[in-house]
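Residues 71 to 394 in the working numbering are what the sequence shown lists, from first letter to last.
We put the CB at the ideal spot given by N, CA and C, even for glycine.
On a predicted model such as this, the values are computed, not experimentally measured, just so you know.
Comments concern the structure below.
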Amino acid sequence: MTAARGTTTASTRFAAIGTTVGVVCTEPDELANAAAVLRARLGELDRAASRFRPDSELAVINSRSADLARAKHDARLRITVGPMLGACLRAALRAERMTGGLVSPTVGAALVACGYDEDLDAVRGRDGVRDGEPAPPRPAPVGRVFLDERQSRLELPAGTLLDLGASAKAWAADTIAAELAATRPGGFLVSLGGDIAVVGDPPPEGWAIGLRDRNDVVAQVVRSTGQAFATSSTRLRTWNDHGIHRHHIIDPRTGLPARTRWAEVTCAGPDAVQANTASTAAIVLDDRASRWLAERGVPARLTTVHGDVVTTPGWPAAAEQHVS
Numbered sequence: 071m072t073a074a075r076g077t078t079t080a081s082t083r084f085a086a087i088g089t090t091v092g093v094v095c096t097e098p099d100e101l102a103n104a105a106a107v108l109r110a111r112l113g114e115l116d117r118a119a120s121r122f123r124p125d126s127e128l129a130v131i132n133s134r135s136a137d138l139a140r141a142k143h144d145a146r147l148r149i150t151v152g153p154m155l156g157a158c159l160r161a162a163l164r165a166e167r168m169t170g171g172l173v174s175p176t177v178g179a180a181l182v183a184c185g186y187d188e189d190l191d192a193v194r195g196r197d198g199v200r201d202g203e204p205a206p207p208r209p210a211p212v213g214r215v216f217l218d219e220r221q222s223r224l225e226l227p228a229g230t231l232l233d234l235g236a237s238a239k240a241w242a243a244d245t246i247a248a249e250l251a252a253t254r255p256g257g258f259l260v261s262l263g264g265d266i267a268v269v270g271d272p273p274p275e276g277w278a279i280g281l282r283d284r285n286d287v288v289a290q291v292v293r294s295t296g297q298a299f300a301t302s303s304t305r306l307r308t309w310n311d312h313g314i315h316r317h318h319i320i321d322p323r324t325g326l327p328a329r330t331r332w333a334e335v336t337c338a339g340p341d342a343v344q345a346n347t348a349s350t351a352a353i354v355l356d357d358r359a360s361r362w363l364a365e366r367g368v369p370a371r372l373t374t375v376h377g378d379v380v381t382t383p384g385w386p387a388a389a390e391q392h393v394s
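Here it is, written out as structure tokens:
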């Protein structure tokens, strides 16, 4: 999913937090400032919530949780968290509640068991070979992580490893977009991988957002004047683990990559967190996804592994149309 640049906008894209990120401005003179804010906030996000950076706040919590489990299996870790990680965790636990546990921040141990234990480039560089036998599946301890928002205290079962891949980018897109709207003139589109947030006055014809097919060709362009978008995919973050093809969207119920017909799902929503929560849940739900989305009023475009497209009410059928 990409944001198209119009005649009245300026944009920039760069690599950060393991993906391609960017910002589009309706006031071209604001681009340098917006890009600086984007870089600064993503640096803060990486230091707070990266699972692969050993000095990040999240990685330290995961390490302490694993150590505590080795010392006392049935213990619970209680720890104070910083403001940014606390906000990311609130978004993640909100997603867990919204989906009844289909999307959860507690899938870190399951990802490690599937071989996704370091940066994806490093995982792929192992060519599917790592020490030891494949680990057994690790169903996630859904509903057992608690955050005291007033005291910024996190509590979780020992051995629980947190992964915020399903919500932190979306939260950051929403938060950065809101900061830009509050401090700079004009309208902004913030794109972090598959998560897009828009704020302020849009371009005259709306924000143009291109959806790409499995051949990386733009298959549809939708235009938004206020909706956020998110795409979840089983075809991009993939690797080989002991001869088994894996993807990164874990079904918390099984502790394994979701068995699904969907190659990717794009959802619209009032903010990027809600859109991403819906698109991730849809991947996990497999053949129940379109009904689940429709019942919740989520406009969505679902593409199967064979390239067939299914849409829910509210998603435009034309090649280019508004999702307002």
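Where residue 338 is concerned, the enclosing beta strand (DSSP E) starts and stops at 332-339. By the 16-neighbour rule on beta-carbons within 10 angstroms, residue 375 is exposed. Counting every other CB atom within 10 Å of its CB across the protein chains shown gives residue 265 a total of 16 or more, marking it as buried. At least 8 Å separates the beta-carbon of residue 136 from that of residue 343. The C-alpha of residue 86 is placed about 23 Å away from the C-alpha of residue 316. Take residue 230, set aside five residues on each side of it, and the residues of its chain with a beta-carbon closer than 6 Å to its own are 135, 176, 211, in chain order. Excluding the 5 residues flanking it on each side, residue 236 has same chain C-beta neighbours closer than 6 Å at 173, 350, in chain order. With a 10 Å radius around the Cβ and a threshold of 16 neighbouring Cβ atoms, residue 299 comes out buried. Residue 356 carries a helical assignment under DSSP once its states are collapsed to helix, strand and coil.
Of all C-beta pairs linking the segment 308-324 to the segment 179-196, three or more are shorter than 8 Å, placing the two stretches in contact. Residue pairing by DSSP places residue 317 opposite 308 in a beta bridge. Contact between the segment 252-265 and the segment 93-102 is present: 3 or more CB-CB pairs across the two stretches fall below 8 Å. Ranked by Cα distance from residue 227, the first of 234, 120, 143, 270 is 143. For residue 380, the pairing in a beta bridge is given by DSSP as 372. Residue 144: not part of any beta strand (DSSP E); DSSP gives it neither H nor E. By the Cβ test, the segment 265-283 is not in contact with the segment 303-310, since fewer than three Cβ pairs between them sit closer than 8 Å. Rounded to whole angstroms, the gap between the alpha carbons of residue 362 and residue 139 is 37 Å. Contact between the segment 286-303 and the segment 152-162 is absent, with fewer than three C-beta pairs closer than 8 Å. The Cβ atoms of residue 385 and residue 366 do not sit closer than 8 Å to each other. Going by beta carbons, residue 189 and residue 122 fall inside the 8 Å limit. With respect to residue 289, residue 115 sits apart: the two C-beta atoms are not nearer than 8 Å. In this structure, the alpha-carbon of residue 270 lies about 28 Å from that of residue 364.
Counted as a single uninterrupted DSSP element, the alpha helix (DSSP H) harbouring residue 114 occupies residues 101-119. Residue state for residue 254 is assigned as coil, using DSSP reduced to three classes. Assignment of beta-bridge partners to residue 225 by DSSP yields 148, 216. Where residue 184 is concerned, there is no enclosing beta strand (DSSP E), because DSSP gives it neither an H nor an E.
Distance from the CA of residue 187 to the CA of residue 378, rounded to the nearest whole angstrom, comes to 33 Å. Scanning its chain for C-beta atoms nearer than 7 Å, with the 5 sequence neighbours on each side dropped, one finds around residue 107 the residues 246, 249, 250, in chain order.
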